[in-house]
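Residue numbers (the working numbering): 7 to 725.
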Amino acid sequence: MDYASSILGLLPTGRRSIGVTQLLNKLETYLPPAQVDRVRDAYEFGAQAHQGQKRLSGEPYIAHPVAVADILADLHLDAQTIVAAILHDVIEDTASSKEEIAERFGAEVAELVDGVSKLDQIQFRSRAEAQAESFRKMLLAMVRDIRVVMVKLADRTHNMRTLGAMPPAKRRTIARETLEIYAPIANRLGIHSVKSELEDLGFKSLYPGRYRIIERALKKARGNQKQFVGKIADNLRGGLAKADIKGRVEGREKHLYSVYQKMRRKRAPLTSIVDVFGFRIVVDSVDTCYRTLGLVHGLYRPMPGRFKDYIAIPRVNGYQSLHTTLFGPNGMPIEVQIRTEEMNSVAESGIAAHWGYKSGEDQGRAYRDRASEWLQQLMEIQHGGNSEEFMESVKVDLFPDKVYVFTPRGEIRRLPRNATAVDFAYSVHTDIGNHCVAAKVDRRLVPLRTPLRNGQTVEIITAKGATPNPAWVNFVVTAKARAAIRHYLKSLKHSEAVELGKRMLNQALSDLGLALKKVPDERVQAAASDLNLKSAEELFERIGLGERLAPLVARRLLPADTAPPAEPVPQSGPLAIAGTEGMVVTYARCCFPIPNDPIMAYLSSGRGVVIHREVCGNLRNYRKQPDKWLSVSWQPSLDRLFNVEIRIDVSNRMGALAAIASNIASTDTNIEHVAVDERDGDASTLVFDLQVRNRKHLAGVIKNLRKMAEVLRVTRVLA
Numbered sequence: 007m008d009y010a011s012s013i014l015g016l017l018p019t020g021r022r023s024i025g026v027t028q029l030l031n032k033l034e035t036y037l038p039p040a041q042v043d044r045v046r047d048a049y050e051f052g053a054q055a056h057q058g059q060k061r062l063s064g065e066p067y068i069a070h071p072v073a074v075a076d077i078l079a080d081l082h083l084d085a086q087t088i089v090a091a092i093l094h095d096v097i098e099d100t101a102s103s104k105e106e107i108a109e110r111f112g113a114e115v116a117e118l119v120d121g122v123s124k125l126d127q128i129q130f131r132s133r134a135e136a137q138a139e140s141f142r143k144m145l146l147a148m149v150r151d152i153r154v155v156m157v158k159l160a161d162r163t164h165n166m167r168t169l170g171a172m173p174p175a176k177r178r179t180i181a182r183e184t185l186e187i188y189a190p191i192a193n194r195l196g197i198h199s200v201k202s203e204l205e206d207l208g209f210k211s212l213y214p215g216r217y218r219i220i221e222r223a224l225k226k227a228r229g230n231q232k233q234f235v236g237k238i239a240d241n242l243r244g245g246l247a248k249a250d251i252k253g254r255v256e257g258r259e260k261h262l263y264s265v266y267q268k269m270r271r272k273r274a275p276l277t278s279i280v281d282v283f284g285f286r287i288v289v290d291s292v293d294t295c296y297r298t299l300g301l302v303h304g305l306y307r308p309m310p311g312r313f314k315d316y317i318a319i320p321r322v323n324g325y326q327s328l329h330t331t332l333f334g335p336n337g338m339p340i341e342v343q344i345r346t347e348e349m350n351s352v353a354e355s356g357i358a359a360h361w362g363y364k365s366g367e368d369q370g371r372a373y374r375d376r377a378s379e380w381l382q383q384l385m386e387i388q389h390g391g392n393s394e395e396f397m398e399s400v401k402v403d404l405f406p407d408k409v410y411v412f413t414p415r416g417e418i419r420r421l422p423r424n425a426t427a428v429d430f431a432y433s434v435h436t437d438i439g440n441h442c443v444a445a446k447v448d449r450r451l452v453p454l455r456t457p458l459r460n461g462q463t464v465e466i467i468t469a470k471g472a473t474p475n476p477a478w479v480n481f482v483v484t485a486k487a488r489a490a491i492r493h494y495l496k497s498l499k500h501s502e503a504v505e506l507g508k509r510m511l512n513q514a515l516s517d518l519g520l521a522l523k524k525v526p527d528e529r530v531q532a533a534a535s536d537l538n539l540k541s542a543e544e545l546f547e548r549i550g551l552g553e554r555l556a557p558l559v560a561r562r563l564l565p566a567d568t569a570p571p572a573e574p575v576p577q578s579g580p581l582a583i584a585g586t587e588g589m590v591v592t593y594a595r596c597c598f599p600i601p602n603d604p605i606m607a608y609l610s611s612g613r614g615v616v617i618h619r620e621v622c623g624n625l626r627n628y629r630k631q632p633d634k635w636l637s638v639s640w641q642p643s644l645d646r647l648f649n650v651e652i653r654i655d656v657s658n659r660m661g662a663l664a665a666i667a668s669n670i671a672s673t674d675t676n677i678e679h680v681a682v683d684e685r686d687g688d689a690s691t692l693v694f695d696l697q698v699r700n701r702k703h704l705a706g707v708i709k710n711l712r713k714m715a716e717v718l719r720v721t722r723v724l725a
């Protein structure tokens, strides 16, 4: 208590170190006295816990959590969130535990503090993974209680305000993370005031030179045109008064980072950006918004194609307003935003505008439902991927949505810019995406990779047996679609690996005079447990992926009273490859094996079985690991195409490449890729990547090519 009291007197009330007295005064304006006392108690607990700790700036550490709480008090967050903000570093940086916080301040506060805490006690392979896992934990805690991210955003805001104490390299790293992750999260939740400050502070630290140039230019423009801006504001106020419309007109301050982004996006010089003036008109109702729009269009001529109605179709973060751009005096463009008081509150504070004391309002509930819908999507994204993959997916999903399209029933779907028909399908439902086979845009069939544009009506055609195409990952832009496709492919890989692992283990057991179906399930489960695996299925998967060797597992499955033979006698013959085990059986790109080629297989950890031709030069590298060799053969009938490379030496003459390509096509062969490998004055070497059914098919292609006059030599590529 004494320490807390001494700190209370030391803390200044400026922007860098907010005092607790200032915080308590703010809270008294909207919280009951009993809750303010809880915050005071939390301050005393936190000050005692952080006793003796200092920030890099030299001030007592407790100044930071108090400043974080002050930022949240400006947004009128509830008492539990303010208490959690004061205690948010206690678990991580002091001896206090989550249980101790729960006992004194309640389980709700303890969960909020734990959600914000980093994962320093867990060992990670890299700093990037640690950062990604910490971020993943925060977002998943946010799904349970969105106030977690409110505390984290306030924490990051104060850290950015005091970033000057950090070394330059650290400043740039934190600034980049702020611009890539935290500012977009604030934008996604509609907290404009926090988002704008994070962007400007991040911009200042990451690109200090550019920041100073733009700041100076904007100050100069503001000074030169102050009278001009005042005149426009007076005209707008006069127009409102004449039409008997009650409202206020505000000049919109330039946002440095948004100016910089606009310069980059439009590739425009600063002089063409700084002369755009912003005004905001705040009125009492939605009806008055549209009346005011007509009024300003009467005062100044509107610029064609620059009107946006975010009231009828709100942005995905809940933002609502009418936007219009007008031709001002001397043709100077004027941006005007028209909104209600409620819309203005949401635009500045986002989800915080509907927290706690407004929790009963329908609009507040609808807004929180919209945020919850996004958080639910995060839950779907995080299944089946690692932390870094999850972080990248969320980054993609955070940036502002630009495309509004319609379902056949007229429902609006909001998608990111460049979203495709596949993204649309997954936005409706994961099952729709997994089974889509075609798409109609405005009643016309289009390829699934077609980017969508505003106002289009999209219809997805599905089929029961359809499955996601792995190539979709290359063009989808939404995190939900990418995560769903990857999840399906991982599930497919799992099932194929389990099946292959069973076959390989059965073959190994056959060499020992056993069969897998005759081995009791309990013994297989025991062998899995001995290898620290959860189930027999996981054991089969590890074998199929090459992470466990089937012969060694087979020996573990022998009855206790049976001695394994010194040299296993092969009885089952080679493992038959059907060519369809696409996720766990791969074909080496060094020698391009095709059906009827003599082949061998190598067990590659994580990749499964890699098939090589027996004459492949790279097999020499694997001679030292004979236990990872596997005898394999082709199944008699295979229904798929295999890649193979051929090298063709041709004499240089006009049209030679076209003639050879035409010859190959005439044999019902697809050309995947062609390249010129070498060139001299008289001859060139062409390398073709073809798709063939088997050796017989390839022989026919080569025979046809050798008949051509311009072809000097044809050989099959081999490492």
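Glycine included, C-beta positions come from ideal geometry on N, C-alpha and C.
Taking DSSP as the reference, what is the three-state secondary structure of residue i?
{"i": "A40", "result": "helix"}
{"i": "M156", "result": "helix"}
{"i": "P335", "result": "helix"}
{"i": "G311", "result": "coil"}
{"i": "H618", "result": "strand"}
{"i": "G324", "result": "coil"}
{"i": "N676", "result": "strand"}
{"i": "S657", "result": "strand"}
{"i": "F481", "result": "coil"}
{"i": "L718", "result": "strand"}
{"i": "I97", "result": "helix"}
{"i": "D120", "result": "helix"}
{"i": "Q697", "result": "strand"}
{"i": "K470", "result": "coil"}
{"i": "V723", "result": "coil"}
{"i": "V559", "result": "helix"}
Would residue i and residue j be called neighbours here (beta carbons separated by less than 8 Å)?
{"i": "G245", "j": "L301", "result": "yes"}
{"i": "A503", "j": "G614", "result": "yes"}
{"i": "N728", "j": "V479", "result": "This structure cannot settle anything about residue 728, because the visible part of the chain is limited to 7 through 725."}
{"i": "I670", "j": "V656", "result": "no"}
{"i": "V154", "j": "G121", "result": "yes"}
{"i": "T473", "j": "N440", "result": "yes"}
{"i": "L118", "j": "T168", "result": "no"}
{"i": "V409", "j": "P422", "result": "yes"}
{"i": "R324", "j": "G461", "result": "Reading off the sequence, residue 324 comes out as Gly, not Arg. Not a contact, by the Cβ cut-off of 8 Å."}
{"i": "E354", "j": "H198", "result": "yes"}
{"i": "T331", "j": "V289", "result": "no"}
{"i": "E620", "j": "R659", "result": "no"}
{"i": "R258", "j": "F285", "result": "yes"}
{"i": "A5", "j": "V45", "result": "Any answer about residue 5 is impossible in this case: the structure gives the chain only from 7 up to 725."}
To which residues of the same chain is residue i closer than 6 Å at the C-beta, ignoring the five residues directly before and after it?
{"i": "E367", "result": "With a pLDDT of only 48 at E367, under the threshold of 50, the placement of this residue in the model should not be trusted; the figure read from the coordinates follows. Excluding sequence neighbours, E367 sits near nothing in its chain."}
{"i": "D43", "result": "none"}
{"i": "T721", "result": "R653"}
{"i": "I491", "result": "P474, W478, V479"}
Using a 10 Å radius around the Cβ and a threshold of 16 neighbouring Cβ atoms, would you call residue i buried or exposed?
{"i": "Q233", "result": "exposed"}
{"i": "V682", "result": "exposed"}
{"i": "A705", "result": "exposed"}
{"i": "R254", "result": "exposed"}
{"i": "H435", "result": "exposed"}
{"i": "H679", "result": "exposed"}
{"i": "A48", "result": "buried"}
{"i": "Q631", "result": "exposed"}
{"i": "N31", "result": "exposed"}
{"i": "E105", "result": "exposed"}
{"i": "T35", "result": "exposed"}
{"i": "H535", "result": "The question names His, but residue 535 in the sequence shown is Ser. Exposed is the call here."}
Within its chain, find whatever has a CB closer than 8 Å to the CB of residue i; leave out the 5 residues flanking it on each side and keep chain order.
{"i": "R178", "result": "S211, L212"}
{"i": "F648", "result": "G585, Y593, F598, P599, I600, P601, Q697, V698, R699, N700"}
{"i": "V452", "result": "A427, A445, K446"}
If contacts are defined as beta-carbon pairs under 8 Å, then residue i and residue j qualify, I think. What distance do you get, rounded to the angstrom?
{"i": "W640", "j": "N602", "result": "7 Å"}
{"i": "V72", "j": "L29", "result": "6 Å"}
{"i": "L609", "j": "G552", "result": "4 Å"}
For residue i, which residues in the same chain have their Cβ closer than 7 Å to its Cβ, ignoring the five residues on either side in sequence?
{"i": "V443", "result": "I467, T468, A469, A472"}
{"i": "I418", "result": "I319, Y410, F412"}
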